[in-house]
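Undergrad: Pasting a structure here, questions to come.
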Amino acid sequence: MTTAECIFDSRDHLGEGILWDDRAQALYWLDVPMPSKLHRLFPDSGKHESWDMPEMITSMSVREQGGLLIASHHGLNHFNFNDEGLVRFFEPEKDQPGNRCND
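Position 4 (the sequence shown) corresponds to -1 in the numbering used here; numbering is contiguous.
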């Protein structure tokens, strides 16, 4: 029988979007409600980092160029760990502010 073990207790309100980055050997996940938070955990060392996001974050993907592609309430963004900036590059349906990106 396999047993589950908690490797980090982040005390999220709504933890979602778990993502493994094989290159970085890091685990990412989101705490979705505002203020959204991005988490990164390096399981081998136990090192954990988190970043508060300026808007609701709904999903993410690892970018080949480094950093993450992040879908947020208002569009698609790049997130760079070096400068910790969320930079929007696409905002769909600007004329429909009630719509949002989701996974």
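Glycine included, each C-beta is placed from N, C-alpha and C at the ideal position. It should be emphasised that the depicted structure is a prediction, and the values quoted were computed from it without experimental measurement.
List the endpoints of the continuous beta strand (DSSP E) containing Ser67.
TA: Note, Ser67: beta strand (DSSP E), Leu63 to Ser67.
Undergrad: When burial is assigned at 16 or more other CB atoms within 10 Å of the CB, is Val27 buried or exposed?
TA: By the 10 Å Cβ count, Val27 comes out buried.
Undergrad: What separation, rounded to the nearest whole angstrom, lies between the Cα atoms of Phe37 and Phe85?
TA: Approximately 30 Å between the Cα atoms of the pair.
Undergrad: Where do the ends of the beta strand (DSSP E) carrying Asp26 lie?
TA: Residues Ala21 to Asp26.
Undergrad: Who are Glu0's beta bridge partners in DSSP?
TA: Answer is none; Glu0 lacks a bridge partner.
Undergrad: Which runs of the beta strand (DSSP E) fall wholly inside the region 36 to 82 and span at least 3 residues, in chain order?
TA: Fully enclosed beta strand (DSSP E) runs of 3 or longer: 42 to 47, 52 to 57, 63 to 67 and 70 to 75.
Undergrad: For Arg95, which option in Ile65, His34 and Gly80 has the closest C-alpha, if you only look at C-alpha atoms?
TA: Arg95 has its Cα closest to that of Ile65, out of Ile65, His34 and Gly80.
Undergrad: Report the residue from His73, Asp39, Ser54 and Gly12 whose alpha carbon sits nearest the alpha carbon of Ala21.
TA: Nearest C-alpha to Ala21: Asp39.
Undergrad: Here's the rule I'm using: 16 or more other beta-carbon atoms within 10 Å means buried, otherwise exposed. How should Ser5 be labelled?
TA: Its Cβ having fewer than 16 others within 10 Å, Ser5 is exposed.
Undergrad: List the whole-angstrom C-beta distance separating Leu81 from Met51, where the pair is believed to meet the contact cut-off of C-beta under 8 Å.
TA: Actually they do not touch by this definition, with Cβ atoms about 12 Å apart.
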